[in-house]
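Scroll down for the structure; my scribbles are underneath it.
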Ligand SMILES: NC(=O)c1ccc[n+]([C@@H]2O[C@H](COP(=O)([O-])OP(=O)(O)OC[C@H]3O[C@@H](n4cnc5c(N)ncnc54)[C@H](O)[C@@H]3O)[C@@H](O)[C@H]2O)c1
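Numbering (the numbering used here), first residue to last: 195 to 449.
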C-alpha cells in the first residue's frame with residue numbers, strides 16, 4: 195500500500211482522489227491537510243502538518259499556492275516525495291518548487307491527464323510542421339469556480355510550443371487594450387469560465403485560408419485523480435529531482 199497525505203482533501207479534487215483511491219488496492223489516503231479541518235470519508239483532515247500522526251509515503255497537493263511553504267518544510271524534514279498538482283503559482287513559488295526538487299523527488303504537472311500530455315506532443319509536432327505560416331491561439335474553458343486564469347494547462351501547452359521554437363513566442367492574454375494587429379511571434383491565450391465545465395483546451399493554428407484545430411476535453415475530474423495516483427507510484431522511489439508527465443509516459447510507454 196502506498197500511503198498518501200492529500201493537501202486540499204476537503205476540495206473537489208480531494209473528493210475525486212478519495213473515489214479513485216477506493217477503486218485501487220495500491221493506495222491509501224492516511225490523512226488530509228486543508229484550511230478546513232475535520233473528517234472526510236472517515237479520513238482525518240488537519241489544518242497543519244504538525245498534527246499528522248501517520249507519516250505518508252507521498253504528499254499529493256491539490257489545494258492552493260498558499261500551501262506551498264508548509265509542504266516544502268514538511269516534505270524536506272521527513273524526506274517525503276511530493277506530487278504538486280495545484281496551479282497558479284507565481285514565479286517565486288515556481289522557483290521554490292525547483293529548489294524543493296534539489297532535496298526530494300517532486301512531480302509537478304499542471305495537468306495530470308494522459309490526454310493533455312498527448313495533445314502537448316501533437317501541438318509541438320504541428321508547430322514544427324507549420325512554422326511561421328500559421329498563427330497560434332489557445333482557448334481554454336473551465337468551471338466558474340476556478341480562481342486562476344489562464345489555466346496552468348494552457349500555459350503548459352504554450353510552453354511546449356515555445357520550447358520547440360527555442361523561445362520565439364510571447365504570450366498575449368488581452369487584446370482589448372492593445373489595438374494593434376497581431377504579430378507572428380504571439381500565442382494568444384483566451385480563458386472562459388462557465389458552469390461546471392471540467393476542462394477544455396483547444397489549440398488553433400490559423401493559416402491563409404485554412405485552420406487546423408486540435409483539442410482535448412476532460413469529461414470527469416477522475417482523470418486528474420487517476421494521473422496523480424500514477425505520479426505518486428512513479429516518484430515514490432525515485433532519486434531527488436523534478437519530474438513531470440513526460441517522464442512518467444517515457445517510463446511507462448518506453449519511448
Ligand atoms: N494538475 C491537475 O491536473 C489539476 C486538475 C484539477 C485541478 N487542479 C488544481 O488543483 C487545485 C485544487 O483544485 P480543486 O478543484 O480541488 O479546488 P477546490 O477549491 O475545490 O479545493 C481546494 C481545497 O484546498 C483547500 N485550501 C485552500 N488553501 C489552502 C491552504 N493554504 N492550505 C491547505 N488547504 C488549502 C481549500 O479549503 C479546498 O478544500 C487548483 O489549483 C486547481 O487548478 C490541478
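All C-beta atoms, glycine included, are put in the ideal place defined by N, C-alpha and C.
Going by C-alpha distance, which of 278, 245 and 221 is nearest residue 202?
278
Within the same chain, show all residues whose beta-carbon is closer than 6 Å to that of residue 281, passing over the 5 residues directly before and after it, in chain order.
304, 342 and 346
Other residues of its chain near residue 451: CB distance less than 6 Å, five sequence neighbours each side excluded:
This structure cannot settle anything about residue 451, because the visible part of the chain is limited to 195 through 449.
Going by DSSP in three states, residue 334 sits in which element: helix, strand or coil?
strand
Length of the line joining the Cα atoms of residue 260 and residue 196:
26 Å
Roughly how many whole angstroms lie between the Cα atoms of residue 410 and residue 263?
33 Å
Measure the C-alpha to C-alpha separation of residue 212 and residue 339 and round it to an integer number of angstroms.
20 Å
In terms of residue numbering, what span does the alpha helix (DSSP H) encompassing residue 417 cover?
416-429
For residue 381 and residue 354, what's the separation of their Cα atoms in angstroms?
12 Å
My guess is that residue 398 and residue 333 are in contact by the Cβ rule of under 8 Å, so how many angstroms apart are they, rounded?
7 Å
Contact test: residue 440 Cβ vs ligand 1 heavy atom, cutoff 7 Å
no
May I ask whether a heavy atom of ligand 1 can be found less than 7 Å away from the beta carbon of residue 456?
An answer regarding residue 456 cannot be provided, because it is not within the stretch 195 to 449 covered by the chain.
Rounded to the nearest angstrom, what separates residue 428 and residue 420 at their Cα positions?
12 Å
Which value, in whole angstroms, describes the spacing of the CA atoms of residue 362 and residue 379?
6 Å
Can you grab the Cα-Cα spacing for the pair residue 317 / residue 249, in whole Å?
40 Å
What separation, rounded to the nearest whole angstrom, lies between the Cα atoms of residue 395 and residue 301?
22 Å
For residue 311, does the count of other Cβ atoms within 10 angstroms reach 16, so buried, or fall short, so exposed?
buried
Is it the case that the CB of residue 256 approaches a heavy atom of ligand 2 more closely than 7 Å?
Among the ligands modelled here, namely ligand 1, ligand 2 does not occur.
May I ask you to check if the CB of residue 276 is nearer than 7 Å to at least one heavy atom of ligand 1?
no
Leaving out five residues before and five after residue 335 in sequence, what residues of the same chain have Cβ atoms less than 6 Å from its Cβ?
386, 391 and 394
Based on the DSSP output, what are the partners of residue 234 in its beta bridges?
237
Span of the alpha helix (DSSP H) holding residue 213?
206-216
Using 10 angstroms around the beta-carbon of residue 367, count the other beta-carbons present and answer buried if the total reaches 16, otherwise exposed.
exposed
Between which two residues does the beta strand (DSSP E) containing residue 413 stretch?
Element bounds for residue 413: n/a, residue is neither H nor E.
Which stretch, first to last residue, makes up the alpha helix (DSSP H) that contains residue 391?
Careful: residue 391 lies outside any alpha helix (DSSP H) and carries neither H nor E.
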